[in-house]
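These protein sequence lines map, in sequence, to chains A and B.
Numbers 61 to 397, taken from the numbering used here, label the letters of the first sequence in order.
Numbers 61 to 397, taken from the numbering used here, label the letters of the second sequence in order.
Beta carbons: idealized from backbone N, C-alpha and C, even for Gly.
Bear in mind the structure is a predicted one, so any value in this text is a computation, not a measurement.
Protein chains: 2
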Amino acid sequence: MTEGPTRTAGSDRPEAGTGAPAVTFDDVRDAARRLAGVAHRTPVLRSRTLDARTGTQAFLKCENFQRVGAFKFRGAYHALSRLTPEERARGVVAYSSGNHAQAVALAARECGTRAVIVMPEDAPRAKRDATAGYGAEIVTYDRYTQDRVAIGRRIAQERGLALVPPYDHPHVIAGQGTAALELIEETGPLGALLVPVGGGGLMAGCATAATALVPGIRMIGVEPEAGDDTRRSLAAGHRVAVPVPRTIADGQAADTPGELTFPINQRLVDSVVLVTDDEIRTAMAFAFERLKIVVEPSGATALAALLAGRLAAPPARTGVLVSGGNIGLERFRELLG
Amino acid sequence: MTEGPTRTAGSDRPEAGTGAPAVTFDDVRDAARRLAGVAHRTPVLRSRTLDARTGTQAFLKCENFQRVGAFKFRGAYHALSRLTPEERARGVVAYSSGNHAQAVALAARECGTRAVIVMPEDAPRAKRDATAGYGAEIVTYDRYTQDRVAIGRRIAQERGLALVPPYDHPHVIAGQGTAALELIEETGPLGALLVPVGGGGLMAGCATAATALVPGIRMIGVEPEAGDDTRRSLAAGHRVAVPVPRTIADGQAADTPGELTFPINQRLVDSVVLVTDDEIRTAMAFAFERLKIVVEPSGATALAALLAGRLAAPPARTGVLVSGGNIGLERFRELLG
Chain A
61 MTEGPTRTAG SDRPEAGTGA PAVTFDDVRD AARRLAGVAH RTPVLRSRTL
111 DARTGTQAFL KCENFQRVGA FKFRGAYHAL SRLTPEERAR GVVAYSSGNH
161 AQAVALAARE CGTRAVIVMP EDAPRAKRDA TAGYGAEIVT YDRYTQDRVA
211 IGRRIAQERG LALVPPYDHP HVIAGQGTAA LELIEETGPL GALLVPVGGG
261 GLMAGCATAA TALVPGIRMI GVEPEAGDDT RRSLAAGHRV AVPVPRTIAD
311 GQAADTPGEL TFPINQRLVD SVVLVTDDEI RTAMAFAFER LKIVVEPSGA
361 TALAALLAGR LAAPPARTGV LVSGGNIGLE RFRELLG
Chain B
61 MTEGPTRTAG SDRPEAGTGA PAVTFDDVRD AARRLAGVAH RTPVLRSRTL
111 DARTGTQAFL KCENFQRVGA FKFRGAYHAL SRLTPEERAR GVVAYSSGNH
161 AQAVALAARE CGTRAVIVMP EDAPRAKRDA TAGYGAEIVT YDRYTQDRVA
211 IGRRIAQERG LALVPPYDHP HVIAGQGTAA LELIEETGPL GALLVPVGGG
261 GLMAGCATAA TALVPGIRMI GVEPEAGDDT RRSLAAGHRV AVPVPRTIAD
311 GQAADTPGEL TFPINQRLVD SVVLVTDDEI RTAMAFAFER LKIVVEPSGA
361 TALAALLAGR LAAPPARTGV LVSGGNIGLE RFRELLG
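Written as structure tokens, this is what we have:
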């Protein structure tokens, strides 16, 4: 995906490839100030069973308890909070069938602006209802014949709306980084932090915050085995695409790293480890039965990596980003039946 | 059940019916000091969806995140922490097929003493394994032909062990009260507090703490419709028994209020409301899909009462005790299938 002439949210977006980091620790701290009192300061859970099983003290940052049920609200709200008055008067557009849709819809309501969400016409009823419930206008498309990016851009241009990308935007990245900032403020220094990687926005933000707070912290990305585009890209030294991933971790089905997120992750991430769908299921069941929390597949990959022993030489203390909990009872039964 | 000559845990147990309250607010504060750093200070969750649906700001004290997955650890550990050195050297015995078994087993390990747990021989494998995993000795009985109370007492007398009752003991009650103490310390004054009632220990402790901290707070007990012994007893002015309750809320299947808990609840509880098994299921599903937490049936009754509109004239701010989360995936599917 290359950047066209579409207006993106906020007017101070640096260009990719200019050399200056797209996001700094100060940006994350600014985002935290804007999010205070709006986003939940989510709890950090501990489990002695988990510690005993994995040989590290694990600190689970539970973004499944975030508003809209996922970390996505942080980035979306932060991006929208920085719209100019003119942009706010016109509104925003986003394309997503997942958590980003609800995040932008709710953030728009909170910021007093309007959102148009481009969703596949076969998106789950519950997701459509939730998004519409936040007051967003929903535009549907046929995902077998139509291109959502083109539709999003056309709407942005026709109506003069700012496009809010799901990860490849400095304000979105800085917002996501507040999850790691809060975690480390609460726990103190950690030896490693495990973060799910899809488009790489959560990781880029968290790595920016965590490495500033704890020099030497190991930043470990986690991808589903079928969607290892970031691991391959890091190995290749440039962004490579993989076939559209077939995985239960639908929130991590990106086929290529972001243009802005990749250089940050290239600089700050130590390694990327992979988990299978079965390992994700095991982690979801462990979360249910032992931790008493509901975690969606993409939200469970960092925990899955820890449980599956993917963290080599575990440090004394490890942070684990549990990134979302949006899964209906029916789908949950289907996956863990 | 009347008290025989069996030794119960701790030596300063007041007799029922002497007029002095069996448990004071100072007892709860003492318990909190003993539990500090041992029990989890469980999170208090909020949900705007829940608030919008119920017309009150709800504060959910999540004891499903407590050690052993339920509030029971508070009372069990507190009781065991107050054993005399002689009692500790001998050990304790408890009868339970549920959360109290695991709570006493873990508390015994933490206190450096031994526990014998009397369990039905058909208790779920997971519960037996968990209890044994904490190092307890398990004695099984046939629940169709044998009396667990008699077995527990015989073991206590033969081996000189202290019996740790599940609710009818001042140290147990004071320990359970720390849940409300923590909640109100975090939230400030509440207009009402909804608490599940089985034997009445959690309610007696919580009412002792909450009414001391917030004079005028409405203490609302919640029972499953089929097990309304406390509601009937309060109406009658004395303890009455109901037929053994048939309800999915197995943790609240008491058929009569406790001898010590009842006078406390008679003095401090404003009313008891009832919920059906279907309302409990709805609350469990709401907890899963909207709150992202796993709650067992008896843990969900206070939330069920709030969702079902049982709280008349809701105050601005309401506390809700979510008392436990011990339910396996299989049973969960069975109940919500």
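Residue range of the alpha helix (DSSP H) that includes residue i
i	result
S331/A	S331/A -> not in any alpha helix (DSSP H); beta strand (DSSP E) instead, spanning 331-335.
P323/B	321-328
K132/A	132-141
V255/A	Here V255/A belongs to no alpha helix (DSSP H); instead the beta strand (DSSP E) covers 252-256.
T114/A	108-114
A234/A	230-247
E349/B	It is not in any alpha helix (DSSP H) - E349/B carries neither H nor E in the DSSP assignment.
D87/A	85-95
L396/B	389-396
G212/A	208-219
Proximal residues to residue i (C-beta, below 6 Å), its chain only, five neighbours per side dropped
i	result
P225/A	none
R391/A	none
E147/A	A222
E197/B	V176
V302/B	D289, D315
P305/B	A286, G287, A313
Y155/A	V178, R208, G212
7 Å CB neighbourhood of residue i in its chain, flanking five on each side removed
i	result
D72/B	In this predicted model, D72/B has a pLDDT of only 46, less than 50, meaning its place in the structure is not dependable; the value taken from the coordinates is given anyway. No residues qualify anywhere along the chain.
P103/A	C122, F125
G384/B	E123, N124, G129, A130, F131, N159, G311, E356, S358, G359
F85/A	T268, A269, A272
T336/B	E285
P74/B	Confidence at P74/B is low in this model, with a pLDDT of 47, below 50, so its placement is unreliable and the value that follows should be read with caution. Contacts found: A80, A82, P230.
R291/B	E283, V332, L334
R169/A	Y194, G195
N386/B	G129, A130, N159, E356
A192/B	I198
From the options, residue whose alpha carbon lies closest to that of residue i
i	options	result
A91/A	A118/A, L140/A, T116/A, R113/A	L140/A
A314/B	Q326/B, I324/B, V300/B	V300/B
F133/A	A99/A, T336/A, R291/A	A99/A
I324/B	G193/B, A234/B, T205/B, T173/B	A234/B
Q236/B	A190/B, Y137/B, R370/B, R142/B	Y137/B
G388/A	A96/B, G397/B, L241/B	G397/B
R327/B	N386/B, G265/B, A343/B, V380/B	G265/B
T401/B	L334/B, L367/B, S331/B, V329/B	The shown model of chain B, from 61 to 397, leaves out residue 401/B, and the question about it has no answer.
A210/A	V178/A, A365/A, G369/A	V178/A
I308/B	V232/B, M344/B, D289/B	M344/B
I277/A	L243/A, D330/A, T205/A	D330/A
A171/B	P145/B, V380/B, R188/B	According to the sequence provided, residue 171/B is Cys. The question's Ala does not apply to it. Of P145/B, V380/B, R188/B, the residue nearest in Cα terms is P145/B.
R101/B	V255/B, A167/B, A240/B	A240/B
R93/A	T238/A, R113/A, T247/A	T238/A
A418/A	L254/A, A190/A, E242/A	Residue coverage of chain A in this structure runs from 61 to 397, which leaves residue 418/A outside it and unanswerable.
T247/B	A373/B, E339/B, V255/B, V274/B	V274/B
Contacting residues, own chain, Cβ-Cβ under 8 Å from residue i (five flanking each side not counted)
i	result
L351/B	L105, S107, L110, L120
A347/B	I353, V354, V355, A360, L363, V382
E394/B	none
Q117/B	R106, D111, A376, R377, T378
P180/A	S157, T200, Y201, D202, R203, R208
A76/B	Confidence at A76/B is low in this model, with a pLDDT of 48, below 50, so the placement of that residue should be treated as unreliable; the coordinate-derived value is given next. Excluding sequence neighbours, A76/B sits near E63, A82, E319, L320, P323.
Residue i, enclosing beta strand (DSSP E) - first and last residue
i	result
Q117/B	117-122
L371/B	Here L371/B belongs to no beta strand (DSSP E), and DSSP marks it neither H nor E.
G259/B	Note, G259/B: premise wrong, no beta strand (DSSP E); not H, not E.
L381/B	377-382
Near the ligand HEM: residue i beta-carbon under 7 Å from a heavy atom
i	result
Q126/A	In terms of ligand content, the structure shown is empty, and the ligand HEM therefore cannot be addressed.
| said: I'd like the ranges of any alpha helix (DSSP H) spanning at least 4 consecutive residues and lying wholly in the segment 143-203 of chain B. | reply: 145-150, 159-171, 185-193
Check: Okay, do the segment 122-139 of chain B and the segment 158-175 of chain B touch, 3+ Cβ pairs below 8 Å being the bar?
Finding: yes
**Contiguous beta strand (DSSP E) assignments of at least 3 residues, all confined to the segment 266-319 of chain B** = 278-284
Report task. Decide yes or no for the touch test of the segment 251-268 of chain B against the segment 226-234 of chain B: beta carbon pairs closer than 8 Å, at least 3 of them. Result -> yes
Is there contact between the segment 197-216 of chain A and the segment 318-328 of chain A, where contact requires at least three CB pairs shorter than 8 Å?
no
Quiz item: Below 8 Å, can you find three or more Cβ-Cβ pairs linking the segment 263-277 of chain A to the segment 294-309 of chain A?
Solution: no
So, do the segment 277-286 of chain B and the segment 358-375 of chain B have three or more beta carbon pairs nearer to each other than 8 Å? yes
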